[in-house]
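K.L.:
Submitted below is the structure of interest, expressed as structure tokens.
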DNA sequence: CAGTTCCGTGTATGACATACACAGTTAACG
DNA sequence: CGTTAACTGTGTATGTCATACACGGAACTG
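Residue numbers (our numbering), protein chains in the order written: chain A, 1 to 248; chain B, 1 to 248.
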């Protein structure tokens with residue numbers, strides 16, 4: 001298992017994300033840098049959502065004109081990747097909690113979900129995963145540490161981390177959508193009321209029962225905002241536990 | 001548990017999706033209808049992806065001008081919801097397979113993933129869930145049937161179906177992104193090669209091991225396109241099995 | 001010092017979703 | 001049955017967006 005000395009050509013965005021993009025030395029001293037651009041973009045996203053992050057808007061925020069941004073980032077997609085990596089910097093402060101792989105993994109999974117909540121605009125990203133950049137790879141590194149001692153092979157470990165992190169994202173995305181729908185106005189109707197309105201007993205006997213049993217009711221305000229995610233995590237952790245037992 | 005006689009005001013999109021939007025009777029006979037618009041939009045999406053579905057493009061496909069579409073759908077978001085519902089019509093032919101709740105639920109979960117694959121543009125939808133429209137509610141109805149006999153309460157059943165269907169979507173989304181990245185050109189580099197390039201042993205000991213052990217290698221071409229999804233499903237089904245045992 | 005590279009600006013382009021006014025068609029109403 | 005109202009589709013316009021490209025000036029290189 002020898003490391004190759006050949007340098008692999010990283011995709012352009014990753015070159016930038018790993019600090020490997022050659023920066024020219026001629027020409028005027030830049031008044032603008034990529035870190036300032038990314039920070040401004042993240043601020044706008046935090047304040048107003050990802051849709052508010054246009055190149056013109058970011059440029060204005062850093063005091064330059066729109067087209068100057070393109071001297072520092074190739075395109076908007078690259079800026080989005082940079083933003084995603086920047087927002088994952090909480091990994092630097094994160095520490096696994098617990099004595100068992102299960103409790104450590106749970107703490108990791110909760111941290112994933114909380115990190116997204118702190119930068120909720122991530123749910124609006126056009127891509128499904130963060131770039132293979134320093135911060136997200138550090139999250140994976142820590143996740144692998146959580147799984148030390150399980151006896152699982154590395155491939156399964158990676159798949160498990162992928163399962164959990166993808167679920168954190170989509171759970172946050174669904175919660176965000178639901179909240180946006182609620183924010184639309186006073187005439188919003190909740191899930192159960194809609195079900196009761198549309199599911200006839202003859203055509204949807206199961207859903208009809210569910211609708212009228214109150215089982216689909218949305219959680220009371222003030223409760224655990226992550227209740228749904230915790231349920232899902234328990235299911236997944238139980239399944240992982242089964243996998244761990246089987247590998248022993 | 002009496003049904004209320006009060007009609008709840010559905011959100012405007014759902015009124016249309018459930019065929020409850022009042023259609024006026026005065027004025028010229030329409031040359032255009034919402035079904036034609038949706039069908040055209042779905043065709044374009046199937047052929048070229050969701051980004052190709054602009055109002056102008058759809059209008060051209062049905063032989064009308066852009067603004068005429070707005071006589072039939074409120075806005076583009078509504079059209080997207082109509083498309084999502086239309087694409088879920090495979091539920092009409094679907095039948096659960098198996099003698100146990102587990103095998104039935106597995107068949108349901110696979111069908112979810114396959115349905116998305118057939119209309120892969122769904123992964124590019126701006127919203128995280130389909131509308132509460134006839135087809136997606138029918139999928140839920142069938143999913144609840146799969147869980148008959150588990151003894152789970154209705155709330156847990158709904159959460160389980162939500163877990164699986166959301167996972168089908170994000171798994172498809174990640175697979176789509178990966179494929180798009182591959183299609184970018186001959187200079188694309190795979191996941192493992194990137195890991196090997198960027199993860200130094202000192203800083204990322206776990207990922208370094210994983211990268212050089214081959215555990216993160218992408219599946220060979222020609223294998224099961226749903227291998228990752230199946231792994232995830234086994235984990236989730238094992239976890240659900242634990243939940244079922246506990247509820248007995 | 002001439003040539004090259006690089007930064008930021010200004011201008012332009014094409015694409016997009018959608019507002020709004022107009023003219024003609026059809027139904028409702030008294 | 002004539003008038004009014006509702007409705008359809010068109011044409012025009014608007015503002016926003018990402019990004020191409022040319023220009024002038026700053027800074028480096030040989």
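We treat Cβ as the ideally placed atom computed from N, Cα and C, and that holds for glycine.
When the cut-off is 9 Å and only beta carbons count, does residue 106 of chain B lie next to chain A?
P.N.:
For the purposes of this step, residue 106 of chain B is identified with residue 106 of the second chain, where counting begins at 1. For residue 106 of chain B, the answer is no, since every Cβ of chain A falls outside 9 Å of its Cβ.
K.L.:
Rounded to a whole number of angstroms, what is the C-alpha to C-alpha distance between residue 191 of chain A and residue 223 of chain A?
P.N.:
Looking up residue 191 of chain A in the first chain gives position 191. Looking up residue 223 of chain A in the first chain gives position 223. Each residue's alpha carbon lies about 17 Å from the other.
K.L.:
Round the Cβ separation of residue 147 of chain B and residue 101 of chain B to the nearest angstrom and send it over; I've been treating them as touching at under 8 Å.
P.N.:
Walking along the second chain from the start, residue 147 of chain B turns up at place 147. Walking along the second chain from the start, residue 101 of chain B turns up at place 101. With 8 Å as the limit, residue 147 of chain B and residue 101 of chain B qualify as a contact, their Cβ atoms being about 6 Å apart.
K.L.:
Thinking C-alpha only, which one of B:153, B:63, B:134 is nearest residue 20 of chain B?
P.N.:
For the purposes of this step, residue 20 of chain B is taken as residue 20 along the second chain, with counting starting at 1. Among B:153, B:63, B:134, the Cα nearest to that of residue 20 of chain B is on B:134.
K.L.:
Could you work out which residues of chain B lie near residue 115 of chain A, taking near to mean beta carbons separated by less than 9 Å?
P.N.:
As a first step, residue 115 of chain A must be located in the first chain, where it is residue number 115. By Cβ distance, chain B contributes nothing, its closest Cβ being about 17 Å from residue 115 of chain A, past 9 Å.
K.L.:
Using a Cβ cut-off of 7 Å, pull out every chain B residue sitting near residue 177 of chain A, in sequence order please.
P.N.:
Against the first chain, residue 177 of chain A aligns to sequence position 177. Chain B residues near residue 177 of chain A: 127, 128, 129.
K.L.:
Could you give the distance in angstroms between the alpha-carbon of residue 85 of chain B and the alpha-carbon of residue 106 of chain B?
P.N.:
To locate residue 85 of chain B, count along the second chain from 1; it is residue 85. To locate residue 106 of chain B, count along the second chain from 1; it is residue 106. Distance between the alpha carbons of residue 85 of chain B and residue 106 of chain B is about 22 Å.
K.L.:
Alpha carbon to alpha carbon, how far is residue 168 of chain A from residue 65 of chain A?
P.N.:
Mapped onto the first chain, residue 168 of chain A falls at position 168. Mapped onto the first chain, residue 65 of chain A falls at position 65. Taking the straight line joining both Cα atoms gives about 37 Å.
K.L.:
Specify whether the segment 22–34 of chain A and the segment 209–224 of chain B touch according to this definition: at least 3 beta carbon pairs, one from each stretch, less than 8 Å apart.
P.N.:
no
K.L.:
Spatial neighbours of residue 82 of chain B within its chain, please: C-beta separation below 6 Å, excluding the five flanking residues on both sides.
P.N.:
Your numbering for residue 82 of chain B matches position 82 in the second chain. Short of 6 Å from the beta carbon of residue 82 of chain B, and not among the five residues preceding or following it, lie these beta carbons of its own chain, in chain order: 38.
K.L.:
What is the DSSP secondary structure of residue 200 of chain B, reduced to helix, strand or coil?
P.N.:
On the second chain, position 200 is the one that residue 200 of chain B refers to. Three-state DSSP puts residue 200 of chain B in coil, outside helix and strand.
K.L.:
For my contact list, residue 166 of chain A and residue 110 of chain B are in at a C-beta cut-off of 8 Å; report their separation, rounded to the angstrom.
P.N.:
As a working note, residue 166 of chain A is residue 166 in the first chain. As a working note, residue 110 of chain B is residue 110 in the second chain. About 18 Å separates the beta carbon of residue 166 of chain A from that of residue 110 of chain B, a gap too long to meet the 8 Å contact definition.
K.L.:
From the beta carbon of residue 76 of chain B, is the nearest beta carbon of chain A less than 9 Å away?
P.N.:
In the second chain, residue 76 of chain B corresponds to position 76, counting from 1. No, residue 76 of chain B lies away from the interface with chain A (no Cβ there is under 9 Å from its Cβ).
K.L.:
Within 10 Å of its beta-carbon, does residue 227 of chain A have 16 or more other beta-carbons around it, so buried, or fewer, so exposed?
P.N.:
Here residue 227 of chain A is taken as the residue at index 227 of the first chain, counted from 1. So residue 227 of chain A counts as exposed.
K.L.:
According to DSSP, simplified to helix, strand and coil, what is residue 231 of chain B?
P.N.:
Taking the first residue of the second chain as 1, we reach residue 231 of chain B at position 231. Three-state result, residue 231 of chain B: helix.
K.L.:
Just mark residue 171 of chain A as buried or exposed, buried being the case when its beta carbon has 16 or more other beta carbons within 10 Å.
P.N.:
Counting from one through the first chain, the residue named residue 171 of chain A turns up at place 171. So residue 171 of chain A counts as buried.
K.L.:
Would you give the residue range spanned by the alpha helix (DSSP H) that residue 81 of chain B belongs to?
P.N.:
For this step, residue 81 of chain B is matched to residue 81 along the second chain. Unbroken alpha helix (DSSP H) run through residue 81 of chain B: 76–87.
K.L.:
If distances are taken between C-alpha atoms only, which option among B:68, B:137, B:123 comes closest to residue 178 of chain B?
P.N.:
By 1-based counting over the second chain, the position of residue 178 of chain B is 178. The option with the nearest alpha carbon to residue 178 of chain B is B:123.
K.L.:
Using three-state DSSP, classify residue 220 of chain B as helix, strand or coil.
P.N.:
In the second chain, the residue the question calls residue 220 of chain B occupies position 220. The answer is coil: DSSP assigns residue 220 of chain B none of H, G, I, E or B.
K.L.:
Shortest alpha-carbon distance to residue 72 of chain A belongs to which of A:93, A:23, A:97?
P.N.:
Stepping through the first chain from its first residue, residue 72 of chain A is reached at position 72. If we check each option's Cα against that of residue 72 of chain A, A:23 comes out closest.
K.L.:
By the DSSP assignment, the alpha helix (DSSP H) with residue 54 of chain A in it spans what residues?
P.N.:
Residue 54 of chain A sits at position 54 when you count from the first residue of the first chain. First-last for residue 54 of chain A: undefined, no H or E at that position.
K.L.:
Measuring straight from C-alpha to C-alpha, what distance separates residue 193 of chain A and residue 159 of chain A?
P.N.:
As a working mapping, residue 193 of chain A is identified with position 193 in the first chain. As a working mapping, residue 159 of chain A is identified with position 159 in the first chain. Rounded to the nearest angstrom, the two C-alpha atoms are 38 Å apart.
K.L.:
Kindly say whether residue 186 of chain A, judged by its beta-carbon, lies nearer than 9 Å to any beta-carbon of chain B.
P.N.:
Position 186 of the first chain, counted from the start, is the residue given in the question as residue 186 of chain A. Here the model assigns residue 186 of chain A a pLDDT of 46, short of 50, so the residue's position is not dependable, and the following value carries that caveat. No, residue 186 of chain A lies away from the interface with chain B (no Cβ there is under 9 Å from its Cβ).
K.L.:
Among the residues of its own chain, which have a CB less than 6 Å from the CB of residue 97 of chain B, if the five just before and after it don't count?
P.N.:
On the second chain, position 97 is the one that residue 97 of chain B refers to. 107, listed in sequence order.
K.L.:
Under 7 Å between beta-carbons, which chain B residues line up against residue 206 of chain A? List them in chain order, please.
P.N.:
Taking the first residue of the first chain as position 1, residue 206 of chain A is located at position 206. Within chain B, the residues near residue 206 of chain A are 141, 144, 145.
K.L.:
Given this structure, state the Cα-to-Cα distance separating residue 36 of chain B from residue 77 of chain B, to the nearest angstrom.
P.N.:
The residue labelled residue 36 of chain B in the question sits at position 36 within the second chain. The residue labelled residue 77 of chain B in the question sits at position 77 within the second chain. Going by the C-alpha atoms only, they are around 17 Å apart.
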